[in-house]
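Structure first, then comments.
Residue numbers (full-length UniProt numbering): 1 to 255.
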């Protein structure tokens, strides 16, 4: 490692760790300057988290959010060049810090997923009409082998609360959170529609099928899994979910 790189590494380590010994040759004047720089650096990171997780902060309150943000940044200092990624893993931090309130981690996951969807690369969704043209001459084998490319930034996770109600209830400062557990765990899907991140909740069976196809499974393989899990109802769900994915603009192309 070059001398400059070593000095930069030592400085960054001191910036992130209050207890770390100062780099060799540093004086009290350097230490005072580092304290100021460290405070500014952490304040900027906390503000970045606050901007990304506005609704999570409204849910838990400013003081609790500030403590959670500081804990996250100490335990998981950002390694990216951009503040846009400072919130990576914050949902997992909330899961650890608010174990009795699972809606906190779910809302943080939703906020982070919508943030990533917003900054994902631009792409045009495949329309239902466009798909029907491509599939006009499909044989049964073609349908079975069908693989889809989903929109950039699309992601999904199992959730246990009505996130639409919770998200909407926290749209403004001072609003009261509407925390409603769902009777049956569902899957929440996040993607970008034009310039706007959006989300919907679907059954876990559909969520598992989506996850499998995002990992490269064919439509036929997803349908077989649905029938195994849901019985005859899986056949109808297979058609319903494909129509939904196309209608909602979740699909970019046929692989």
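The C-beta atom is built at its ideal place from N, Cα and C for all residues, glycine as well.
Because the structure is a prediction, the values reported are computed rather than measured.
How many angstroms separate the CA atom of residue i from the CA atom of residue j?
{"i": "residue 256", "j": "residue 174", "result": "A query on residue 256 cannot be resolved here, the shown segment of the chain reaching from 1 to 255 and no further."}
{"i": "residue 208", "j": "residue 50", "result": "32 Å"}
{"i": "residue 181", "j": "residue 84", "result": "30 Å"}
{"i": "residue 132", "j": "residue 44", "result": "49 Å"}
{"i": "residue 37", "j": "residue 111", "result": "Per-residue confidence for residue 37 stands at a pLDDT of 47, beneath the threshold of 50, marking its modelled position as unreliable; no derived number is given."}
{"i": "residue 172", "j": "residue 143", "result": "46 Å"}
{"i": "residue 140", "j": "residue 219", "result": "11 Å"}
{"i": "residue 146", "j": "residue 106", "result": "32 Å"}
{"i": "residue 188", "j": "residue 63", "result": "28 Å"}
{"i": "residue 93", "j": "residue 128", "result": "39 Å"}
{"i": "residue 205", "j": "residue 224", "result": "12 Å"}
{"i": "residue 253", "j": "residue 125", "result": "7 Å"}
{"i": "residue 233", "j": "residue 159", "result": "22 Å"}
{"i": "residue 230", "j": "residue 201", "result": "18 Å"}
{"i": "residue 216", "j": "residue 137", "result": "23 Å"}
{"i": "residue 135", "j": "residue 228", "result": "26 Å"}
{"i": "residue 179", "j": "residue 60", "result": "12 Å"}
{"i": "residue 199", "j": "residue 122", "result": "17 Å"}
{"i": "residue 76", "j": "residue 100", "result": "22 Å"}
{"i": "residue 148", "j": "residue 194", "result": "19 Å"}
{"i": "residue 243", "j": "residue 130", "result": "12 Å"}
Could you name the residues of the same chain whose beta carbon sits closer than 7 Å to that of residue i, not counting the 5 residues immediately before and after it, in chain order?
{"i": "residue 109", "result": "91, 157"}
{"i": "residue 55", "result": "107, 111, 167, 170"}
{"i": "residue 214", "result": "150"}
{"i": "residue 226", "result": "205, 209, 234, 237, 238"}
Mind checking residue i: buried by the 16 CB within 10 Å criterion, or exposed?
{"i": "residue 239", "result": "exposed"}
{"i": "residue 183", "result": "exposed"}
{"i": "residue 162", "result": "buried"}
{"i": "residue 241", "result": "buried"}
{"i": "residue 186", "result": "buried"}
{"i": "residue 67", "result": "exposed"}
{"i": "residue 176", "result": "exposed"}
{"i": "residue 247", "result": "exposed"}
{"i": "residue 222", "result": "buried"}
Please confirm whether residue i and residue j have their CB atoms less than 8 Å apart.
{"i": "residue 120", "j": "residue 192", "result": "yes"}
{"i": "residue 86", "j": "residue 48", "result": "yes"}
{"i": "residue 98", "j": "residue 250", "result": "no"}
{"i": "residue 117", "j": "residue 153", "result": "yes"}
{"i": "residue 256", "j": "residue 69", "result": "Here the chain comprises residues numbered 1 to 255, so residue 256 is not present and cannot be evaluated."}
{"i": "residue 113", "j": "residue 155", "result": "yes"}
Who are the Cβ neighbours of residue i in its own chain at under 8 Å, not counting the five residues just before and after it?
{"i": "residue 115", "result": "52, 84, 87, 197"}
{"i": "residue 102", "result": "95, 160, 161"}
{"i": "residue 57", "result": "50, 65"}
{"i": "residue 73", "result": "42, 45, 46, 49, 86"}
{"i": "residue 71", "result": "93, 97"}
{"i": "residue 78", "result": "45, 85, 86, 88"}
Once you ignore the five residues that flank residue i on each side, which residues in its own chain have a CB closer than 6 Å to its CB?
{"i": "residue 245", "result": "251"}
{"i": "residue 255", "result": "147, 149"}
{"i": "residue 165", "result": "178, 180"}
So is the beta-carbon of residue i under 7 Å away from any non-hydrogen atom of the ligand ZN?
{"i": "residue 228", "result": "As presented, the structure is devoid of all ligands, the ligand ZN included, so that no description of it is given."}
| What residue ranges within the region 61-124 form continuous alpha helix (DSSP H) runs of no fewer than 4 residues, ordered along the chain? | You should have 62-75, 90-97, 102-119.
| Going along the chain, which unbroken runs of the alpha helix (DSSP H) with 4 or more residues stay wholly within the region 178-242? | Runs of the alpha helix (DSSP H) inside the region 178-242: 204-214, 219-230.
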